[in-house]
Amino acid sequence: MGFKRPSLPELMARVDQDLLSRLPGAQAALATRLTQALATSQAGVTHGLYGYLQWLERQMFPETCDDDLLHLHSAGVPRRQASQATGEVTFTGTDGAVIIASTRLQLDGQEYETAEEVAIAGGTAVATVEALEAGAAGDQSAGAELSLVSPIPGVDSKAVVGADGLQGGADLEAYSSWRDRILQRRARVPRGGAEGDWEGWALEVPGVTRAWEDPLGMGAGSVVIRIMADDAADGPLPSQQLLDAVFDYITERKNVTAHLYVIAPTPVDFAPQLSVTPDTAEVRAAAAAGLQDLVEREGEPGGTLLITRVRHAISSAAGIEDYDLQWPTANIEYATGELPVWGGVTWI
């Protein structure tokens with residue numbers, strides 16, 4: 344039988360009875376007496392100590408510990424740190440004009456800094472920039488225009504992001520994600536490149552939100568890792584920069600004989616055709632959110648999306664009374680490497 348923490352009234356009664364038993368002649372029938380005051384005071388302190396012990400017990404396990412103490416259980420599973428977006432931008436202006444290193448630019452509240460000094464030649468100059476603050480918000484699409492914070496003589500005020508965009512920005516890993524990885528590590532201890540190790544290694548790289556390993560996916564001696572970057576500004580598919588980062592990270596840890604491939608899954612839109620009752624914006628939003636969560640949580644390359652899970656996600660939406668699902672009507676099986684990605688609901 345598990346331990347049951349006594350309630351405050353139980354402790355008060357217990358202390359009160361103990362005091363009365365030790366004071367011959369005490370008048371137990373009196374409503375107001377010294378023993379009651381002493382019992383209330385001591386019971387309050389004792390109840391607080393029980394609470395502290397209960398809190399300490401929760402901190403002993405990664406499943407229940409407070410977020411700020413999770414690091415005590417994280418040996419071998421470092422938290423994914425935030426990273427800064429980087430990439431190339433093109434300046435235009437008068438030949439000979441110089442853009443010095445650490446020149447600042449900004450867009451949508453994000454600031455960037457040039458990594459080196461460049462000079463305009465032939466009307467343009469290409470410079471590498473890095474976001475001043477780490478985070479996924481620093482990523483920018485190709486063609487975005489950054490503005491100079493301070494004007495530079497002979498240089499136009501706008502710089503255009505290159506074809507590869509500004510990539511590599513990632514937020515500090517959420518405690519929930521970190522906790523899940525710690526629990527996975529305890530359930531499946533790394534064994535030098537055994538099944539399961541590769542996925543765990545990929546998830547340690549900032550920016551990676553989901554990963555799957557495919558042993559022998561490219562033939563004998565090969566391991567294929569497919570990753571996703573759901574939090575990236577240009578996600579959910581990973582950038583080449585992130586693919587390269589995962590490859591380099593795993594290469595430092597894998598056994599020397601394995602042939603490693605790090606690639607993106609082949610995305611296949613999952614766009615259900617659906618009507619709901621009552622047909623309100625709130626119910627639609629709840630149904631769509633449930634379906635999106637299902638796809639991102641249970642979708643895997645080459646897997647099967649069960650129609651029963653799809654229907655459960657819809658029927659669990661807050662406020663829904665009835666629905667008509669026109670597609671899908673059966674389990675969806677995906678080919679090797681294919682991954683369902685959320686494509687929104689087609690409302691009918």
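At position 179 of the sequence shown the residue is numbered 522 (the working numbering), and the sequence of numbers has no breaks.
For each residue, glycine too, the CB sits at the ideal point set by N, CA and C.
In this text the structure is predicted, and so the values were computed from the model without any measurement.
Straight-line Cα distance separating residue j from residue i
i: A502; j: G512; result: 19 Å
i: G645; j: V626; result: 31 Å
i: R534; j: W541; result: 10 Å
i: W690; j: I606; result: 33 Å
i: H390; j: D667; result: 54 Å
i: E681; j: G439; result: 50 Å
i: T457; j: N598; result: 38 Å
i: S618; j: G505; result: 42 Å
i: A554; j: W670; result: 28 Å
i: T672; j: L580; result: 27 Å
i: L381; j: V548; result: 58 Å
i: Q510; j: A545; result: 18 Å
i: V420; j: I463; result: 46 Å
i: F404; j: I525; result: 11 Å
i: G345; j: E476; result: 49 Å
i: A624; j: T552; result: 29 Å
i: D636; j: L392; result: 41 Å
i: P558; j: E538; result: 8 Å
i: A575; j: A425; result: 12 Å
i: G394; j: A656; result: 38 Å
i: G686; j: H416; result: 38 Å
i: F613; j: R652; result: 14 Å
i: E400; j: E406; result: 11 Å
i: E516; j: G550; result: 9 Å
i: E454; j: E641; result: 37 Å
i: F434; j: P496; result: 12 Å
i: E664; j: L648; result: 24 Å
i: S350; j: R365; result: 23 Å
i: W521; j: E595; result: 22 Å
i: A356; j: L396; result: 21 Å
i: R654; j: N674; result: 11 Å
Coil, strand or helix - residue i by DSSP
i: T446; result: coil
i: V518; result: It is Tyr, not Val, that sits at residue 518 in the sequence shown. Y518 falls in the helix class under three-state DSSP.
i: V551; result: coil
i: Q385; result: helix
i: M355; result: helix
i: F346; result: coil
i: E625; result: helix
i: I463; result: coil
i: R528; result: helix
i: V492; result: coil
i: S658; result: helix
Closest by C-alpha distance to residue i, when choosing among the options
i: A487; options: E400, D540, G536, D577; result: D577
i: R348; options: W398, R365, R376, A382; result: W398
i: G564; options: G642, A601, P581; result: A601
i: Y518; options: T435, L412, P683; result: L412
i: E353; options: Q385, S364, P671; result: Q385
i: E473; options: A444, G687, S500, V498; result: A444
i: Y592; options: R423, V388, F434, L415; result: R423
i: I442; options: V688, T679, E460; result: E460
i: D361; options: L351, L396, T378; result: T378
i: M561; options: G686, V358, T679, L396; result: T679
i: S659; options: V358, G550, A628; result: A628
i: G662; options: P621, L649, R654, N674; result: P621
i: V532; options: R357, V388, A418; result: A418
i: Y677; options: T609, R654, R376; result: T609
i: T383; options: D359, T594, W521; result: D359
Rounded Cβ spacing between residue i and residue j (contact assumed at less than 8 Å)
i: G466; j: A485; result: The Cβ separation is near 20 Å, so there is no contact.
i: G436; j: D499; result: 5 Å
i: D573; j: E643; result: 14 Å between Cβ atoms; not a contact.
i: V611; j: V684; result: 7 Å
i: R529; j: G543; result: With 8 Å as the limit, R529 and G543 do not qualify as a contact, their Cβ atoms being about 11 Å apart.
i: Q402; j: D410; result: With a Cβ gap of about 11 Å, Q402 and D410 do not count as contacting.
Residue i CB to nearest heavy atom of the ligand MG below 7 Å
i: S426; result: Ligands are entirely absent from the displayed structure, and the ligand MG is therefore not among its contents.
Could you tell me whether the region 553–569 touches the region 600–618, using the rule of 3 or more Cβ pairs below 8 Å? With contact defined as three or more Cβ pairs closer than 8 Å, the region 553–569 and the region 600–618 are in contact.
Do the region 424–433 and the region 476–484 meet, that is, are 3 or more Cβ pairs less than 8 Å apart? Judged by Cβ distances under 8 Å, the region 424–433 makes contact with the region 476–484, as three or more pairs qualify.
At least three beta-carbon pairs within less than 8 Å, the region 433–451 to the region 489–504: With a cut-off of 8 Å, the region 489–504 and the region 433–451 count as touching, because enough Cβ pairs lie within range.
Does the structure place the region 630–647 close enough to the region 581–596 that three or more beta carbon pairs sit under 8 Å? The way I'd put it, the region 581–596 doesn't touch the region 630–647; fewer than three beta-carbon pairs between them come closer than 8 Å.
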